[in-house]
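Written below as structure tokens is the structure these notes are about.
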Amino acid sequence: MMAPVRLDGDSVRWTENTPRGVARDDPWTALWRARELIGYFALRDLRLRYRQAVLGVVWVLAQPIASVAVFTVVFSRLAGVSSEGIPYPLFALVGMVTWTYFSSTVVSASTVLASNVNLVTKVYFPRIAAPASSLLPPAVDLGVSLLLVGVLAAYYGVSPGVQLLAAPAWLLLLVLTATGVALWVSALNVRYRDVQHAIAPLLQLWLFASPVAYGASQFSGWQEWVYALNPMAGPIELGRFALTGTPWPGWPLAVSVASTAVLLASGAQYFSRAQRSFADVI
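When you line the sequence shown up against our numbering, it's residues 19 to 300, in that order.
See below:
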């Protein structure tokens, strides 16, 4: 619970009564301790999302299908973008479902603390549980979208073969990348409410800066290095390798993984430091 501590005059600072045995400075230990709470938050969000949705999971498929249709016309037929040896609609679909999971997680995490003011100020719980819970509902949508990927791959006769063994690594890298950004935006939005309004346009720019509609073969020299620094380049390219058998991403994957590691470590550190003042500024 939160306890007010009176300072000078009428100013009040809130301090958090933390139960003994909880590692405040170790976000990963706190994350493990809060696993049941994370599941509860995620289940609540899923119920709210589909409570009065008449078409249900149809909406999950609508966005990637519409995006792939537009990308196919613009990038494949008009611009002649290479699809690395597989049919372009399947190429773009894998990139889009990967990106959709990431963007949905980031959008949800950006408001998860600011929209639960009473919970943050009155009840103790590991604060990292809130942004972590944002990872799970989009995972359900990702599972549904992967069924569409499977159907399209079967239609085109594309089989990844042994590369499919890399799918768990792809999912892990995608989740870690989304976690790093989620920690940053959830903590920043508590103090700076402009963040939630900036998320949508920034994600739109990030979408076109990521290899969703094109691949690494479009770049060379210094451009390839800049491309590889994008944390989302690794998950998208690795997803195509695992699910459709496109060529191995090579060294750009290592650079992207390093960017994800920096993003995740810095996000965890900032969140751990910022959570001490959440109740003061929320």
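For glycine and all other residues, C-beta sits at the position ideal for the given N, C-alpha and C.
Source: prediction; values computed, not measured.
Under the three-state reduction of DSSP output, G285 falls in the helix class. DSSP places L154 outside both helix and strand once states are collapsed to three, so it counts as coil.
Per DSSP, reduced to three states, the secondary structure at S100 is coil, with no helix or strand assignment. Counted as a single uninterrupted DSSP element, the alpha helix (DSSP H) harbouring I254 occupies residues A251 to T262. The beta-carbon distance between P149 and A52, rounded to whole angstroms, is 11 Å. This is too long to meet the 8 Å contact definition.
Excluding its 5 nearest sequence neighbours in each direction, V275 has C-beta neighbours in its own chain below 6 Å: G252, listed in chain order.
Per DSSP, the unbroken alpha helix (DSSP H) holding S122 starts and ends at Y106 to T129.
Beta-carbon to beta-carbon, S152 and S126 are separated by about 4 Å, close enough to satisfy the 8 Å threshold.
In this structure, DSSP gives P229 a state outside helix and strand, which the three-state scheme calls coil. For N207, the enclosing alpha helix (DSSP H) covers residues A185 to R209. Taking every protein chain shown into account, the CB of P249 has 16 or more other CB atoms within 10 angstroms, so this residue is buried.
Judged by beta-carbon spacing, L64 lies beyond the 8 Å limit of V86, meaning their Cβ atoms are not closer than that value. Rounded to the nearest angstrom, the gap between the Cα atoms of P270 and S163 is 26 Å. Here V180 is exposed: its Cβ has fewer than 16 other Cβ atoms, across all protein chains shown, within 10 Å. Proximity to V230 across F120, S238 and V169 peaks at F120, based on C-alpha coordinates. Annotation for Q236: no alpha helix (DSSP H) segment contains it, and DSSP assigns it neither H nor E. Contact annotation, R258 with G113: C-beta distance approximately 7 Å; criterion of less than 8 Å satisfied.
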